[in-house]
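S.K.:
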Amino acid sequence: MSRVPLIAGNWKMNGLVADGTALAAGVAAKRKGQPDLACDVLICPPAPLLAAVIAAVAGSGVAVGGQDCHAKVSGAHTGDTSPALLKDLGCSYVILGHSERRGDHGETDAQVKAKAACAHGAGLIAIVCIGETLAQRDDGQTIAVNKSQLRGSLPEGANAANTVIAYEPVWAIGTGRVATPEQAQEVHAAIRAELVELIGETEADKMRILYGGSMKPENAAQLIALPDVDGGLIGGAALKVEDFWAIARNCG
Ligand code: 13P
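Convert by adding 2 to the 1-based position in the sequence shown; the result is the number in our numbering.
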């Protein structure tokens, strides 16, 4: 099964209007300059920058996504963003259940699942994030934790067209400590095996599983080349056009 890799930049809470727009325009220019690149390219800016970023990448083939959404279509939820609005703005993806949201906001698997279901209803592709802490890894719980988060976070109707999984070991996020290729492949293969149980072999085989956690130009090639790694969810290195593009270029 050949899966089209996805190179996704998660800008997190970084950027103001001018530099965020310039970063988006820079990525769009790279994408236009390399039309044969064999991967999908996505950037996920902070919500208030979405409109400016969507305008900056228009016509380039670069997709734009949110970093979170609410589990309801609309209503009295101050400060939240509906998936319908993300879609209406021009987003095609939304990151859900990132460990920073699970940590900062106490998001549970059940909440991630409800958000993903609502995102699907709005026509968005949900990037569902899972990953173990260092304590869980040291305790030999890595596979069990990831399987359990996956099982708890995937909504009914999840398939390869509407869902991407991101494996982000919490100990590798923003630390400069990247998973070894062996560690990454072991977990990605276990995630795919669990997907077979959850959504069947055909969809599991087609579903993209991204690696995230200190992915940089120096280590991206060997990670992206792994059989069950279908691209990356990139934080720090997505904030510089040259670094982000050096990673994307590994997809051929
Ligand atoms: P870093 O690439 O900065 O480690 O962040 C990874 C991440 O959390 C992407 O969602």
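The beta carbon of each residue, even a glycine, is placed where N, CA and C say it ideally should be.
Any idea what DSSP makes of C120, helix, strand or coil?
M.R.: Helix.
S.K.: Using a Cβ-Cβ cutoff of less than 8 Å, which residues in the same chain neighbour Q143 once the five nearest sequence positions on both sides are dropped?
M.R.: Excluding sequence neighbours, Q143 sits near E134.
S.K.: Just reading off the alpha helix (DSSP H) that I66 is part of, what are its end residues?
M.R.: Checking the sequence shown, residue 66 turns out to be Val, not Ile. Where V66 is concerned, there is no enclosing alpha helix (DSSP H), although the beta strand (DSSP E) it sits in stretches over 65-68.
S.K.: State yes or no: is the C-beta of T177 nearer than 8 Å to some heavy atom of the ligand COA?
M.R.: Because the ligand COA does not appear in the structure shown, any question about it cannot be addressed here, the ligands present being the ligand 13P.
S.K.: Touching or not, the segment 93-106 and the segment 59-71, by the rule of three or more beta carbon pairs under 8 Å?
M.R.: Because the criterion of three Cβ pairs below 8 Å is met, the segment 93-106 and the segment 59-71 touch.
S.K.: Alpha helix (DSSP H) containing N12: first to last residue?
M.R.: No alpha helix (DSSP H) contains N12, which is instead part of the beta strand (DSSP E) from 8-12.
S.K.: Which partner residues of T165 appear in the DSSP bridge assignment?
M.R.: Looking at the DSSP assignment, T165 forms a beta bridge with A128.
S.K.: Relative to the ligand 13P, is the shortest distance from any of its heavy atoms to the C-beta of G28 smaller than 8 Å?
M.R.: No, the beta carbon of G28 sits no closer than 8 Å to any heavy atom of the ligand 13P.
S.K.: Between the C-alpha atoms of Q224 and P183, what's the straight-line distance to the nearest angstrom?
M.R.: Roughly 7 Å between the two C-alpha positions.
S.K.: Output the residue ranges of the beta strand (DSSP E) runs that lie fully inside the segment 133-207 and measure 3 residues or longer, sorted by chain position.
M.R.: Whole beta strand (DSSP E) segments, 3+ residues: 165-169.
S.K.: Scan the segment 15-66 and note each continuous beta strand (DSSP E) run of 3 residues or more that stays entirely inside, going in chain order.
M.R.: Complete beta strand (DSSP E) runs here, min 3: 42-46.
S.K.: I want to check one thing, is the minimum distance from the CB of G215 to the heavy atoms of the ligand 13P below 8 Å?
M.R.: Yes.
S.K.: Taking the alpha-carbon positions, what's the A250 to A222 distance?
M.R.: Looking at the two C-alpha atoms, the distance is approximately 9 Å.
S.K.: Grouping DSSP H, G and I as helix and E and B as strand, with all else coil, what is L241?
M.R.: DSSP places L241 in helix when its eight states are reduced to three.
S.K.: If you count every other CB in all the chains shown that lies within 10 Å of the CB of D106, and 16 or more means buried, which is it?
M.R.: Looking at its Cβ environment, which holds fewer than 16 other Cβ atoms inside 10 Å, D106 is exposed.
S.K.: Cα-Cα, which of G238, K242, A240, G233 is closest to L39?
M.R.: Looking at the Cα atoms, G233 is the closest of the given residues.
S.K.: Along the chain, where does the alpha helix (DSSP H) containing L225 start, and where does it finish?
M.R.: Start and end: 219-226.
S.K.: Rank A191, G215, I226 by C-alpha distance to the C-alpha of G238 and give the top, closest one.
M.R.: Nearest C-alpha to G238: G215.
S.K.: Could you check which residue in I236, S84, I45 has the C-alpha nearest to that of K117?
M.R.: Ranking I236, S84, I45 by Cα distance to K117 puts S84 first.
S.K.: For V75, count neighbouring Cβ atoms within 10 angstroms of its own Cβ and tell me buried if that reaches 16, exposed if not.
M.R.: The residue in question, V75, is exposed, as its Cβ has fewer than 16 Cβ neighbours within 10 Å.
S.K.: Does the beta-carbon of H100, which I'm using as the reference point, lie nearer than 8 Å to any heavy atom of the ligand 13P?
M.R.: Yes, the ligand 13P has a heavy atom inside 8 Å of this Cβ.
S.K.: Give me the Cα-Cα distance between L44 and I129, rounded to the nearest whole angstrom.
M.R.: Going by the C-alpha atoms only, they are around 11 Å apart.
S.K.: Can you give the Cα-Cα distance for G82 and A30, rounded to whole angstroms?
M.R.: It is Asp, not Gly, that sits at residue 82 in the sequence shown. Near 28 Å, if we compare the C-alpha coordinates of A30 and D82.
S.K.: According to the Cβ coordinates, are S62 and D111 closer than 9 Å?
M.R.: Result no, Cβ atoms of S62 and D111 do not sit closer than 9 Å.
S.K.: Does any heavy atom of the ligand 13P sit closer than 8 Å to the C-beta of N148?
M.R.: For the ligand 13P, not one heavy atom lies less than 8 Å from the Cβ of N148.
S.K.: Evaluate the contact criterion for the segment 195-203 versus the segment 168-180: three or more CB pairs, one atom per stretch, below 8 Å.
M.R.: No, because fewer than three Cβ pairs between the segment 195-203 and the segment 168-180 fall closer than 8 Å, the two stretches do not touch.
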